[in-house]
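Protein chains: 4
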Amino acid sequence: MTTGFFGDVQPVRFEGADSTNPLAYRFYNKDEVVAGKRMEDHLRFAVAYWHSFAWPGGDPFGGQTFERPWFTDDMAGARLKADVAFEMFTALDVPFYCFHDADVRPEGQSFTESARRLDEIVDIFARKQEETGVQLLWGTANLFSHRRYMAGAATNPDPDVFAYAAATVKHCIDVTKKLGGANYVLWGGREGYETLLNTDLKRERQQAGRFLSMAVDYAKKIGFTGTILIEPKPQEPTKHQYDYDVATVYGFLKEFGLENEVKVNIEQGHAILAGHSFEHELALAAALGIFGSIDMNRNDYQSGWDTDQFPNNVPEMALAYYEILKAGGFTTGGTNFDAKLRRQSLDAEDLLVAHIGGMDACARGLKAAARMLEDGVLSGFVEERYSRWNSAEGQAILSGQRTLEDVARRVIKDAVDPQPRSGKQEWLENVVNRYV
Amino acid sequence: MTTGFFGDVQPVRFEGADSTNPLAYRFYNKDEVVAGKRMEDHLRFAVAYWHSFAWPGGDPFGGQTFERPWFTDDMAGARLKADVAFEMFTALDVPFYCFHDADVRPEGQSFTESARRLDEIVDIFARKQEETGVQLLWGTANLFSHRRYMAGAATNPDPDVFAYAAATVKHCIDVTKKLGGANYVLWGGREGYETLLNTDLKRERQQAGRFLSMAVDYAKKIGFTGTILIEPKPQEPTKHQYDYDVATVYGFLKEFGLENEVKVNIEQGHAILAGHSFEHELALAAALGIFGSIDMNRNDYQSGWDTDQFPNNVPEMALAYYEILKAGGFTTGGTNFDAKLRRQSLDAEDLLVAHIGGMDACARGLKAAARMLEDGVLSGFVEERYSRWNSAEGQAILSGQRTLEDVARRVIKDAVDPQPRSGKQEWLENVVNRYV
Amino acid sequence: MTTGFFGDVQPVRFEGADSTNPLAYRFYNKDEVVAGKRMEDHLRFAVAYWHSFAWPGGDPFGGQTFERPWFTDDMAGARLKADVAFEMFTALDVPFYCFHDADVRPEGQSFTESARRLDEIVDIFARKQEETGVQLLWGTANLFSHRRYMAGAATNPDPDVFAYAAATVKHCIDVTKKLGGANYVLWGGREGYETLLNTDLKRERQQAGRFLSMAVDYAKKIGFTGTILIEPKPQEPTKHQYDYDVATVYGFLKEFGLENEVKVNIEQGHAILAGHSFEHELALAAALGIFGSIDMNRNDYQSGWDTDQFPNNVPEMALAYYEILKAGGFTTGGTNFDAKLRRQSLDAEDLLVAHIGGMDACARGLKAAARMLEDGVLSGFVEERYSRWNSAEGQAILSGQRTLEDVARRVIKDAVDPQPRSGKQEWLENVVNRYV
Amino acid sequence: MTTGFFGDVQPVRFEGADSTNPLAYRFYNKDEVVAGKRMEDHLRFAVAYWHSFAWPGGDPFGGQTFERPWFTDDMAGARLKADVAFEMFTALDVPFYCFHDADVRPEGQSFTESARRLDEIVDIFARKQEETGVQLLWGTANLFSHRRYMAGAATNPDPDVFAYAAATVKHCIDVTKKLGGANYVLWGGREGYETLLNTDLKRERQQAGRFLSMAVDYAKKIGFTGTILIEPKPQEPTKHQYDYDVATVYGFLKEFGLENEVKVNIEQGHAILAGHSFEHELALAAALGIFGSIDMNRNDYQSGWDTDQFPNNVPEMALAYYEILKAGGFTTGGTNFDAKLRRQSLDAEDLLVAHIGGMDACARGLKAAARMLEDGVLSGFVEERYSRWNSAEGQAILSGQRTLEDVARRVIKDAVDPQPRSGKQEWLENVVNRYV
Ligand SMILES: [Co+2]
Ligand SMILES: [Co+2]
Ligand SMILES: [Co+2]
Ligand SMILES: [Co+2]
Ligand SMILES: [Co+2]
Ligand SMILES: [Co+2]
Ligand SMILES: [Co+2]
Ligand SMILES: [Co+2]
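Chains as they are written, first to last, in our numbering: chain A, 1 to 436; chain V, 1001 to 1436; chain U, 2001 to 2436; chain B, 3001 to 3436.
Right, dumping it as structure tokens:
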């Protein structure tokens, strides 16, 4: 028996590229093998609970647009929401979902009551996971919506807020472990500042470092084997967020000796807001050894805020999956849609259609990326371009056997006069267009 | 005997706030003591050789607008340029200047010839420094204008370009030491990429790390006692520059173990391009222990490229110097104007007028900052705001004596329910307006 | 008897620049004469009802932070809100306020009920205006918050939404007239689109043109003598708003023959979002003859959304008032603060402090602008710069007496070879710094 | 006999989607009929002379990278350049090219000498057009590179600069007519300002209006039957350009009564810089009746300046051609590549490869757009969405038969309470992905 929210929805099936059925996959064929792995295992899709089931459709200039029977702010609503959520996971045949504590249960009058409510829902989730085979990609704690967090959670000027947040994270890690979550994510939505005038930036960084260390230690202690992930974002809601981008997070992890303990969950929209391409953030994280997982939702290029839209531009997505495949693909990570319907997309069906479109675009991107990698035209060019570094002298420099003086002496002696070679960017872009 | 370029220019003198003499200081009074130090010693002004004497006024859509008698591309021109430059330093009574090798001598047919030409000019500089008392704030190498660097210097796919750059930096460090330079700066204008498609990002970072380590080692070896500085910039000319911003540089330094060897030279315009306020970059560098020096030239907020304009907004500059004073002020660093005249500012006098305006604005900013710091209203508020962290429990958390479980237990036991307090941003902004 | 919301607040008085009383004016001295007019008559300050009294402090990532006794969503709350609002207007001694229908009354079950509720509050306002002397700068209708407007008001695909919006505007114009409002404003927050894929852009422009014509006709018919104003904004909440900026609104007015009927209300924050400086939008509106009024609230330069902050940067504000004074100053328009407290500014006092700071900054800006104008250094330079156009030939060209061939013939005959002259931007910026 | 610059280049031929030949078309098949027209006639490709043959590869931080035998600054070089250019046009089999006067001849010592040189090259062009069948899509004048134009051409404070520019435009219109050019373009690269402080914005707009009117009158007088086009751009090189975007140009044309005489040439990169999507600018121009031609070169979304890159993102291009096809396709306009090689793309072959990739991407975009239009799924949805406006009441409102009061009366009487319907954005985006 279903809730009926989606009508008599049938499981969404792969029908091939020619299908015009809005409720079918045209490219996502979970058992199809791409680059040696089933597509499902490559992509590891997850639905985000918050946007799809908890967000009422408001924006800074308008209120609720969605009318959902579970918007009741009580536990009955929370249970109904869980039912609908798993109906959707099943209908879409996605292997994973993600959630914050605050998405799934109404806030209680106290920490204890909130925790109890969460536990109740988690028991339901555990049972539903068992029944459906859907798994938890990552759990997380909402440390930004409640007014107690308005000035930060770990970085709050009030240590009691730090404590409240710490207790919340402890509980959420417990719950994530209980549900077999593959990762635990921290997005520091309020870990930043509105104005430096009231902020002790150095102190707040110390607090954030301490908080993260405590969380890492706790996860280890209880035997949580998933990955701890930080999700960078430059700003919004704060003027400046400490986890600005991948490079910033890396420096932060190094400062606190956590670079081997924590990885990053990279969102396309946040990359854009920080002035980077998505593939840049992916390539950088891979180079730094901290690539973890992705939020595959795009930002509108003309909007200066986080629009969290479902992805649809296949050529761009191919470049993203190309970096992911080069990095070896996901281990514990996956492809989460931290994407919300446009607030005018009122229908239940829109939820399905949006995910289907996003998943299909990912599948196309992945397949293109796999062929790019297999053909080796791009990587071959890059290898050749740097090949002179494979010379004895190149290796001697890189391995630290040459001083500045050594090198300078050679330049003078040999009258070194390097001649530039074409970077072939246009040709490389044309090559990419063979695959997408 | 002067070159006559500036006519019969007289030394620019302080005449007080009411002066309308375009060639007088209204606020910069070098011997006036502010916060216990002479203004000259606080601000440590430097003129940038490149923009003022080497830039012909071109932009991407137009060519030369300035007509300077020394634009002859020969050594005679270079010598005349040096004469005019020191005339301007003297007229402005600035204590410092900065230069790249390529600013001061025409490129030779070979490395050796270029180096010999530089040496000739450096001898002239040494004599002029002696005569005028003007000193070198920092030297640097231009590793971005020549076509050999089009694909990077240290990060070039060709190790011979790395070598050429290394030899150049060695020579520029030698020269900087010889001239008693207080710092040596690296701005990696081409150390980035145009497209990831032809780039091995990880490899290039390794090359950059090696290069910097070699430079640091060499500077130590020859007893250069100045500070090595990296100047962050997010992009332009490249699509992405590896030294994106202060946080990125910090991560880079940590990766290569150089965080105690290298500091940053922060430019307002580059902060803006990276999505930060100038004061953010300053505060962050101070918090990370890598604050070194500044380029006090602004970007137009509505332009997406580096406009390198002379600064003029005193309230903004006061916030910048406030962060600098909180960090203890400059040690080897100073206030460089990496600023160029607008290309329509054709007159010799414009060069003087632009620097005078910038220096006056800095002086006002500094004086306001000093009073903000002395009055302590702002810092008192901040201290009070975080004061609960001074409690025993707060300190226990910060010092690592509490686990996540400890804290969570207390939250539950004590039913911790933190109440937010006003952040008072508007009041703080009003307080700032008392000083500017 | 007061509500007690502000404690025993005393009227805010002018105490002079040295005052450190957070509840005193340091520069705004309403009876002081500046450029021949009392400051109050120049600046014509207005408080915006919505941000100060109706906004709960939410943002896209968090809910209510403010706790106000009138947040009850009933008419008792609405009446209490009105009491507090007029207490604040009186305490601040501002001459004006502005409001939307939705700010002042809870939404009813029907249009009729909503209208009746508005009428009840308007009667209260009328009485309070009488008692306090505070006047209405402008009224407006909220055609963007309710879900019925999610796809636009006038530009909605459903003509019934157009009708509902039209009825609302009719009522709001009635009410504005009744309260003696000096202007009526239309901000088309949803008059735009989220995606062109579901939008008939041409059709929607026609609908918007019709709507505006109907409003103009109605205002005339009932003898409303105030000014009809459009407030441009490029985007947010929509991806694209039809009233993008001043130039766009001008083209729109010309298209529908309304350029003599409607003017613009220019907001600093919206200018920034559209890629312009505030002074640009002001100067352009003046040049086009459509300058009306201003919303003097700033955007954070590093944020890509509308932060609606109280203004504080005096040099920038001086440039804005300089354009306003050059345009002859306000007639029906004024200086509205479409500014909201930061959501962490929880205290009642913060409301006062924020407005005081904003008003003081405006007063300083105005005084600087007046001196800039009186001294005439800037305008004298500009006049001289274009003076060659005053020649007979210049005038002949401008007045249409020369064809392209005439001019070309002269260029060849006289071997015209124009020589550029310095634009003196740096000197002009220094001159501005004499006044701010 | 060829110049040999491209080696023994063969004409580029269509080889089909599976070709990996870098010098073949995979999608552009000029005689293939799409939506009732040959692809060549639809797309009307043009090569831009300036970027491909006149630009040396410099950027604000570096000089020339390209080494071309014709970079000699004399007439021999100009003739060689013309030979190479037509060799490339022929090799690519493009039907059109575009040029500025300054691209094709070295500047002379006087207007007369420059004009004579241009005439000499134009005679060569005329002969080559005859021989090759390549035609001129548009001519234009470079009124921005020379220092005489540093403060504007038509909008210069010096009427002699206006005159010089007018004489230049006259000559360029003559030349365009002589070569049978289908359009004449004005891009006002310096028609804007650097600072309002030295600018009389109103005056400059008047000058620009006069200039355009004179050019239009002249073109008519001599019987030039092509279209006069303005190319909007928001900024760069100036801080603000008067032809900011399509909406701004429309207002400008209306102000001077030129909206039926002049159309727009829309560039993707300029749309982006102005905060718009390309398809927005196209749709708006079509709605306003001023759509003319396109510059199909993209901007990097993460760069704040005009990168003028060859296009490659097919889904985006499909949306652009969809708007163009909806507007009826090109009449005199076409698809110009105002695109430059990346400055590292040194090889002659890169010029061919870049254009081939761009043309293929356009061809794919066009074919997708044609199918989108033919299938009618998208347009059908839009029509249905607005269908209620086809009711008698909807039409009565739109045609001006209803007053605000009429409508308000009906809302009250009928208790109108409109219910929102889903905007289906995600589904529409999925539909687009069926075609690209
Ligand atoms: Co996001
Ligand atoms: Co996310
Ligand atoms: Co710069
Ligand atoms: Co700099
Ligand atoms: Co606003
Ligand atoms: Co506003
Ligand atoms: Co362009
Ligand atoms: Co163009």
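All C-beta atoms in this analysis are idealised placements derived from N, C-alpha and C, irrespective of residue type, glycine included.
Predicted model, so just to flag it, every value in this text is computed and none were measured.
Flag residue i as yes if its beta-carbon sits less than 9 Å from any beta-carbon of chain B, otherwise no.
i	result
V/H1042	no
V/Y1386	no
For residue i, which residues from the same chain have a beta carbon less than 6 Å from its beta carbon, with the 5 sequence-adjacent residues on both sides left out?
i	result
B/T3155	E3191, E3204, Q3207 and A3208
A/L143	Y149, A153 and A165
B/K3081	F3053 and W3070
A/F211	A154
U/V2249	I2230, P2232, D2243 and V2264
Step through the CB atoms of chain U and report whether any lies within less than 9 Å of the CB of residue i.
i	result
A/T195	yes
A/Y322	no
A/P237	yes
A/R190	yes
A/L273	yes
Please go through the same chain and pick out, in chain order, the residues whose beta-carbon is closer than 8 Å to the beta-carbon of residue i, but skip the five residues on each side of it.
i	result
B/A3182	F3096, Q3135, L3136, L3137, W3138, G3226, T3227, T3332, G3333 and G3334
B/D3059	R3343
B/Q3129	Q3135, L3136, L3179 and G3180
Hey, is residue i's beta-carbon within less than 9 Å of any beta-carbon in chain V?
i	result
U/D2093	no
U/A2166	no
U/A2369	no
A/E267	no
U/A2361	yes
Report yes or no: is there a C-beta of chain A within less than 9 Å of the C-beta of residue i?
i	result
B/G3423	yes
U/F2125	no
V/A1318	no
U/H2493	Look at the range of chain U in this structure, 2001 to 2436, and you will see that residue 2493 of chain U is not part of it.
B/H3276	yes
Short of 7 Å in beta carbon distance, which residues of its chain neighbour residue i, apart from the five on each side in sequence? Order them along the chain.
i	result
B/K3177	I3222 and F3224
According to DSSP, which residues form a beta bridge with residue i?
i	result
U/S2293	U/N2265
A/G365	Beta-bridge pairing links A/G365 to no other residue.
U/D2059	U/G2062
B/G3139	B/F3099 and B/Y3184
Original post:
Listed from N- to C-terminal order along the chain, which residues in the region 3291-3309 of chain B have their beta-carbon within a distance smaller than 7 Å of any beta-carbon of chain U?
Top reply: For the region 3291-3309 of chain B, which is checked against every Cβ of chain U, not one residue is closer than 7 Å.
Subject >> Members of the region 2047-2078 of chain U that neighbour chain V once the beta carbon cut-off is set at 8 Å >> reply: Correct list: T2065.
Subject >> Residues surrounding ligand 7 [beta-carbon distance to nearest heavy atom under 6 Å] >> reply: In chain order, the residues with a C-beta atom nearer than 6 Å to some heavy atom of ligand 7 are B/E3267, B/G3269, B/H3270, B/D3306, B/D3308 and B/D3338.
Subject >> Residues from the region 336-358 of chain A in contact with chain U, defined by Cβ distance under 8 Å >> reply: Going along the region 336-358 of chain A in chain order, one finds R342, R343 and Q344 with a Cβ nearer than 8 Å to chain U.
Original post:
Taking Cβ-Cβ distances below 8 Å as the criterion, which residues of the region 1140-1167 of chain V are in contact with chain B?
Top reply: Listed by position along the chain: F1144, S1145, H1146, R1147, Y1149, M1150 and A1151.
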